[in-house]
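Peer 1: Per our numbering, residue 17 is the first one in the sequence shown, and the count goes up by one each step.
First the structure, which I've put down as structure tokens, then a few questions once you've had a look.
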Amino acid sequence: MLQNLSKSLRRKVQGKWKYTKITPLSINLRKVLKSLEINQFQLVDLALLVGTDYFPGIKGIGPKKALKYIKNHKQIENFISSIGEKYDVSTLTTEVIKTVKKIFLFPEVNKSTEIFYWNHPNKPNVVDLLCKEHHLNRERVENNLKKLASNYQKCRDYFLKLQDKPKSIQLTLDKII
17 MLQNLSKSLR
27 RKVQGKWKYT
37 KITPLSINLR
47 KVLKSLEINQ
57 FQLVDLALLV
67 GTDYFPGIKG
77 IGPKKALKYI
87 KNHKQIENFI
97 SSIGEKYDVS
107 TLTTEVIKTV
117 KKIFLFPEVN
127 KSTEIFYWNH
137 PNKPNVVDLL
147 CKEHHLNRER
157 VENNLKKLAS
167 NYQKCRDYFL
177 KLQDKPKSIQ
187 LTLDKII
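Given below as structure tokens:
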């Protein structure tokens with residue numbers, strides 16, 4: 017997973033007219049699991065305790081406590097049976113546990129072999145979508161479309177060249193644009 021990947025390498029500070037410098041960060045699942053001394057199944061159990069998009073978590077348990085409990089009890093089921101009434105785990109039923117584990121461990125994958133083409137942008141459709149449907153500033157959209165059109169051929173040539181190169185070669189965003 018990549019975090020903080022942006023062309024400008026900066027992020028706006030919330031509520032202020034100020035930006036902070038950011039650096040891209042690569043997060044490797046194997047390294048994270050090794051450093052936490054847990055496996056992928058335990059990571060899902062930890063996520064259930066802390067909370068995910070699919071389950072709100074257990075009130076009073078944050079990341080540190082969840083990691084400690086999962087390391088001690090090895091599985092979320094063991095944790096639930098041993099805690100008594102210290103935490104309210106009534107919403108954490110076996111059905112919820114099964115469902116969330118299935119989502120994280122066996123996600124639905126679109127195995128489409130659809131081929132994508134990089135064609136010139138359809139300016140009227142882009143303007144309609146961004147300005148009429150999403151209410152963006154027409155002048156800014158048109159200015160960015162001009163920039164996109166001027167860089168189109170450069171990007172197309174780059175990606176065609178990239179297809180011939182081995183996948184292990186990585187370039188920064190500055191070299192791409």
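Glycine included, C-beta positions come from ideal geometry on N, C-alpha and C.
For clarity, every value in this text was computed on a predicted model and none was experimentally measured.
Measuring CB to CB, does residue 65 end up less than 8 Å from residue 43?
Peer 2: no
Peer 1: How would you call residue 85, buried or exposed, if buried means at least 16 neighbouring beta carbons within 10 angstroms?
Peer 2: buried
Peer 1: State the start and end residues of the unbroken alpha helix (DSSP H) segment that holds residue 80.
Peer 2: From DSSP, the alpha helix (DSSP H) with residue 80 extends over 79-89.
Peer 1: Beta-carbon separation of residue 131 and residue 103 under 8 Å?
Peer 2: no
Peer 1: DSSP three-state call for residue 174: helix, strand or coil?
Peer 2: In the structure shown, residue 174 sits in a helix (DSSP, three-state: H, G or I).
Peer 1: Is the Cβ-Cβ distance between residue 62 and residue 54 less than 8 Å?
Peer 2: Yes, these two residues count as a Cβ contact at 8 Å.
Peer 1: DSSP on residue 56, reduced to helix/strand/coil?
Peer 2: helix
Peer 1: My understanding is that residue 25 touches residue 36, with C-beta atoms under 8 Å, so please give their C-beta distance in whole angstroms.
Peer 2: Actually they do not touch by this definition, with Cβ atoms about 10 Å apart.
Peer 1: Please report the distance separating the alpha-carbon of residue 68 from that of residue 166.
Peer 2: 42 Å
Peer 1: Mark residue 95 as exposed unless 16 or more other C-beta atoms lie within 10 angstroms of its C-beta, in which case mark it buried.
Peer 2: buried
Peer 1: What is the C-beta distance between residue 112 and residue 71, in whole angstroms, given that I count them as a contact (C-beta under 8 Å)?
Peer 2: 6 Å
Peer 1: Let me know the secondary structure DSSP gives residue 19 once reduced to three states.
Peer 2: strand
Peer 1: From residue 87 to residue 34, what distance separates their C-alpha atoms?
Peer 2: When rounded, the separation of the alpha-carbon atoms in residue 87 and residue 34 is 41 Å.
Peer 1: State the start and end residues of the unbroken alpha helix (DSSP H) segment that holds residue 139.
Peer 2: 139-143
Peer 1: For residue 143, collect the residues of the same chain with a Cβ closer than 8 Å to its Cβ; drop the 5 residues on either side in sequence, then sort them by chain order.
Peer 2: 154, 157, 158, 161
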